[in-house]
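**Q** Handing you this structure, nothing more for now.
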Amino acid sequence: MLLVTTCLMLAACGSSDDEAADNGTAPKIASLQLMPTEATVGVATPFTGTFMFDDPDGDVVEFGGRVTVPSGAVQELLPAKVPTASGVKVGNGQVSVSITPNDAGTFKLEVWAVDAKKNQSNVLSSTFEGLEPMTN
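Residue numbers (my numbering): 10 to 145.
Okay, structure coming up:
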């Protein structure tokens with residue numbers, strides 16, 4: 010069984026402008042960095058992914074994510090609301106996930122941002138390896 014817990018956070022700066030009467034512009038995210046890059050099968054391992062976001066409308070409301078395990082099964086992460094992002098146009102996001110791999114192989118973490126008008130950003134991904142425990 011894959012165990013995943015998550016916490017998504019935001020640190021940002023920017024100013025607020027009046028929103029346009031249209032559907033706005035989708036946020037963009039870039040530069041996902043995931044640490045660490047390995048986990049031992051059966052051992053809960055905390056991962057932290059950091060990324061930058063740019064939202065011309067300053068209305069990011071949540072970050073989403075999912076983990077794909079070596080078998081191809083996908084575990085959706087609960088969306089994390091980011092109420093402190095109101096009016097923020099440029100900033101940094103952080104995804105904290107605790108994962109207990111049940112199999113060895115390559116795991117993939119994907120993240121994205123969603124704004125108040127339900128515009129979803131591009132999706133970024135990074136991988137880590139699930140390793141068999143060392144035996145004596």
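Positions of the beta carbon are idealized from the N, C-alpha and C atoms, including for glycine.
Exposed or buried, VAL78, counting other C-beta atoms within 10 Å across all chains shown (16 or more means buried)?
**A** buried
**Q** Rank MET61, PRO65, MET44, ASP63 by C-alpha distance to the C-alpha of PRO55 and give the top, closest one.
**A** MET44
**Q** Determine the extent of the beta strand (DSSP E) in which SER107 is found, giving its start and end residues.
**A** 99-109
**Q** Express the C-alpha separation of SER95 and PHE116 in angstroms, rounding to a whole number.
**A** 33 Å
**Q** Does the pairing of the stretch 81-89 with the stretch 57-65 give three or more beta-carbon distances under 8 Å?
**A** Fewer than three pairs of CB atoms, one per stretch, sit closer than 8 Å, so the stretch 81-89 makes no contact with the stretch 57-65.
**Q** Just grab the DSSP bridge partners of PRO5 for me.
**A** Residue 5 is absent from the model: the chain starts at 10 and stops at 145.
**Q** If you follow the beta strand (DSSP E) that VAL123 is part of, which residue opens it and which one closes it?
**A** 114-124
**Q** On a Cα-Cα basis, can you pick out the residue from PRO110, GLY74, THR46 that is closest to SER130?
**A** Among PRO110, GLY74, THR46, the Cα nearest to that of SER130 belongs to GLY74.
**Q** To which residues of the same chain is PRO65 closer than 7 Å at the C-beta, ignoring the five residues directly before and after it?
**A** THR34, LYS98
**Q** For GLY51, which residues in the same chain have their Cβ closer than 8 Å to its Cβ, ignoring the five residues on either side in sequence?
**A** THR109, PRO110, ASN111, PRO142
**Q** Taking the alpha carbon of LEU140 as the reference point, which residue from ILE38, ALA48, GLY81 has its own alpha carbon closest?
**A** ALA48
**Q** I'd like to check one pair, PHE62 with GLY100: are the Cβ atoms closer than 9 Å?
**A** yes
**Q** Against chain B, with Cβ distances strictly below 9 Å, would THR115 count as a contact?
**A** The structure shown contains no chain B; it is built from a single protein chain.
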